[in-house]
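**Student:** Residues in the sequence shown are numbered consecutively from 131, following our numbering.
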Amino acid sequence: MALSKAPAVSRVSVDEGSAGQRIDNFLVRICKGVPKSHVYRILRSGEVRVNSRRVDQTYRLQEGDEVRIPPIRLAEKAEVAVPVGRPFDIVYEDEALLVLDKPAGLAVHGGSGVSFGVIEQLRRQRPEAKFLELVHRLDRETSGLLIVAKKRSALTVLHDMMREGRVQKRYLTLVAGRWLNLQQHVKLPLHKYLTEEGERRVSVNPEGKPAHSIVRLLKRWHSCSLVEVELKTGRTHQIRVHLSHLGFPLYGDDKYGDFALNKRLDKVGLKRMFLHAAKLAFRHPLTDQSIELAAALPAELEEYVVAVEQAEEREYG
């Protein structure tokens with residue numbers, strides 16, 4: 131619901147999509163542009179009422195609750211028009227969730243200099259949808275399988291499953307160098323930090339959080355290797371940092387890769403990072419049904435692999 135810019139009391143009826151959400155998070159979501167500090171202040175003062183009663187910030191909303199929101203004056207802010215865009219390739223969908231094949235170059239959500247992403251476009255394409263929320267994230271330049279919850283109950287369970295490692299995620303990537311082991315467990319702790327320019331970065335650091343990747347060799351050439359990486363943890367930039375640290379930077383990685391190599395790759399047709407979320411396996415959050423999904427390599431990556439094959443044949447026979 132959009133709140134009026136002019137001060138006025140708003141009354142919002144809680145639907146199924148918001149049931150189970152904490153009142154503070156609910157207010158932050160619908161009171162767009164209002165500082166969190168102000169949201170907590172009106173909660174503490176009792177100006178927010180649920181079914182005419184005061185509640186604290188930990189109260190979880192129930193379907194049918196009526197939330198009274200006091201007058202809030204918002205600064206006028208130009209709304210960014212989210213384009214409808216092309217329909218996403220939906221790999222799986224039911225009443226609780228959907229899984230789409232995200233194209234490379236599109237962020238999963240707006241923020242940090244990006245005005246919109248997959249989730250904003252999906253909501254624009256489906257105005258009738260009461261609830262659409264990201265279950266996890268993919269880097270902007272990563273393509274592949276992305277889960278979106280259509281019910282809060284599904285979102286909550288899926289988040290628990292992600293934390294507990296009960297969602298199997300496998301990625302395909304092309305790395306510089308000759309990867310030798312058919313299967314290798316990589317357990318290197320990762321630490322997040324900000325550069326002097328304010329950019330988010332990750333490094334292998336004993337002070338970091340535990341991170342576990344399983345790397346399987348699929349094909350090896352003289353200059354590069356195609357590998358599948360299974361994530362046992364879901365740290366930021368985990369695959370990119372683990373492999374780069376071991377001396378096998380991802381082709382096209384503009385943060386942790388080989389920048390001179392990337393320039394050469396761009397000239398011969400690889401104009402993006404070679405990282406694709408290829409497989410997902412998990413139990414359905416509401417029915418416990420087994421779900422296994424796959425997304426083929428995008429055409430531009432498949433074509434590059436073919437070009438590598440052909441170049442190897444010409445040079446080495």
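Where is the CB? At the ideal position from N, CA and C, for every residue including glycine.
Quick caveat: nothing in here was measured; it's all calculated off a predicted structure.
Apply the 10 Å Cβ neighbour rule to D384 and answer buried if 16 or more other Cβ atoms are within range, or exposed otherwise.
**Tutor:** For the purposes of this step, residue 384 is taken as the residue at position 254 of the sequence shown. Exposed.
**Student:** In the DSSP assignment, find the alpha helix (DSSP H) that holds L268 and state where it starts and stops.
**Tutor:** Numbered from its first residue, the sequence shown carries residue 268 at position 138. The continuous stretches of alpha helix (DSSP H) do not include L268, and DSSP gives it neither H nor E.
**Student:** Would you give the residue range spanned by the beta strand (DSSP E) that R330 belongs to?
**Tutor:** The count along the sequence shown starts at 1 and reaches residue 330 at position 200. Taken as a continuous stretch (DSSP letters only), the beta strand (DSSP E) holding R330 covers R330 to V334.
**Student:** If you reduce the DSSP assignment to three classes, tell me which class F378 lands in.
**Tutor:** Residue numbering aside, residue 378 sits at position 248 when the sequence shown is read from its first letter. Here F378 sits in coil by DSSP.
**Student:** So the candidates are L318, R184, V238 and S182; which of them puts its Cα closest to the Cα of F218?
**Tutor:** Stepping through the sequence shown from its first residue, residue 218 is reached at position 88. The residue with the shortest Cα to Cα distance from F218 is V238.
**Student:** So Y446 is in the alpha helix (DSSP H); what residue range does that whole segment cover?
**Tutor:** For the purposes of this step, residue 446 is taken as the residue at position 316 of the sequence shown. Looking at the DSSP string, the run of the alpha helix (DSSP H) that includes Y446 is A429 to Y446.
**Student:** Please report the residue range of the beta strand (DSSP E) in which V316 lies.
**Tutor:** By one-based count along the sequence shown, residue 316 stands at place 186. Its beta strand (DSSP E) spans residues Q313 to K317.
**Student:** I want to see whether chain D comes within less than 8 Å of E329, judged by CB atoms only; does it?
**Tutor:** Judged by its chain identifiers, the structure shown contains no chain D, having just a single protein chain.
**Student:** Am I right that W309 and S355 are in contact with their C-beta atoms under 8 Å? What's the rounded C-beta distance?
**Tutor:** The residue you call residue 309 lines up with position 179 of the sequence shown. The residue you call residue 355 lines up with position 225 of the sequence shown. Their Cβ separation, rounded to whole angstroms, is 4 Å, which keeps W309 and S355 in contact under 8 Å.
**Student:** Helix or strand or just coil, what does DSSP make of A205?
**Tutor:** The residue given as residue 205 occupies position 75 in the sequence shown. With a pLDDT of only 49 at A205, under 50, the local geometry of the prediction cannot be trusted, and no value is derived from it.
**Student:** Determine, using beta-carbon pairs with one atom in the stretch 305 to 321 and one in the stretch 253 to 265, whether at least three such pairs fall under 8 Å.
**Tutor:** no
**Student:** L427 to A408, Cα distance in whole Å?
**Tutor:** Counting from 1 along the sequence shown, the entry for residue 427 is found at position 297. Counting from 1 along the sequence shown, the entry for residue 408 is found at position 278. Looking at the two C-alpha atoms, the distance is approximately 7 Å.
**Student:** Can you say whether N392 is buried or exposed, counting buried as having 16 or more other CB atoms within 10 angstroms of its CB?
**Tutor:** Your numbering for residue 392 matches position 262 in the sequence shown. Buried: at least 16 other Cβ atoms inside 10 Å.
**Student:** For K349, is the classification buried or exposed, using 16 other Cβ atoms within 10 angstroms of its Cβ as the cut-off for buried?
**Tutor:** Your numbering for residue 349 matches position 219 in the sequence shown. Exposed.
**Student:** Using only the alpha-carbon positions, how far apart do S148 and G194 sit?
**Tutor:** Position 18 of the sequence shown, counted from the first residue, corresponds to residue 148. Position 64 of the sequence shown, counted from the first residue, corresponds to residue 194. Each residue's alpha carbon lies about 10 Å from the other.
**Student:** What is the C-beta distance between R270 and L302, in whole angstroms, given that I count them as a contact (C-beta under 8 Å)?
**Tutor:** Mapped onto the sequence shown, residue 270 falls at position 140. Mapped onto the sequence shown, residue 302 falls at position 172. So it is not a contact: roughly 18 Å between Cβ atoms.
**Student:** Say whether the stretch 150 to 161 touches the stretch 176 to 195, bearing in mind that this needs 3 or more beta-carbon pairs closer than 8 Å, one atom from each stretch.
**Tutor:** yes
**Student:** Is the separation between the beta-carbon of G399 and that of Y434 shorter than 8 Å?
**Tutor:** Counting from one through the sequence shown, the residue named residue 399 turns up at place 269. Counting from one through the sequence shown, the residue named residue 434 turns up at place 304. Between G399 and Y434, the C-beta gap is smaller than 8 Å, which places the two residues in contact.
**Student:** In the DSSP assignment, find the unbroken beta strand (DSSP E) run with Y222 in it and report its ends.
**Tutor:** Counting from 1 along the sequence shown, the entry for residue 222 is found at position 92. Here the beta strand (DSSP E) through Y222 covers D219 to E223.
**Student:** Which residues mark the beginning and the end of the beta strand (DSSP E) in which D231 is found?
**Tutor:** Within the sequence shown, the letter at position 101 stands for residue 231. From DSSP, the beta strand (DSSP E) with D231 extends over L227 to K232.
**Student:** Is F389 helix, strand or coil by DSSP?
**Tutor:** Position 259 of the sequence shown, counting from 1, holds the residue named residue 389. F389 falls in the helix class under three-state DSSP.
**Student:** Just mark H372 as buried or exposed, buried being the case when its beta carbon has 16 or more other beta carbons within 10 Å.
**Tutor:** Position 242 of the sequence shown, counted from the start, is the residue given in the question as residue 372. Buried, because 16 or more other Cβ atoms sit within 10 Å of the Cβ of H372.
**Student:** Let me know if I202 comes out buried or exposed under the rule of 16 or more other beta-carbons within 10 Å of its beta-carbon.
**Tutor:** For this step, residue 202 is matched to residue 72 along the sequence shown. Classification of I202: buried, given that the 10 Å Cβ count is 16 or more.
**Student:** Do L395 and G377 have their C-beta atoms within less than 8 Å of each other?
**Tutor:** Numbered from its first residue, the sequence shown carries residue 395 at position 265. Numbered from its first residue, the sequence shown carries residue 377 at position 247. Result no, Cβ atoms of L395 and G377 do not sit closer than 8 Å.
**Student:** Going by beta carbon distance, what residues of the same chain come within less than 6 Å of V287, once the five residues before and after it are set aside?
**Tutor:** Residue mapping note: residue 287 aligns to position 157 of the sequence shown, counting from 1. In its chain, beyond the 5 residues on either side, P415 have a beta carbon closer than 6 Å to the beta carbon of V287.
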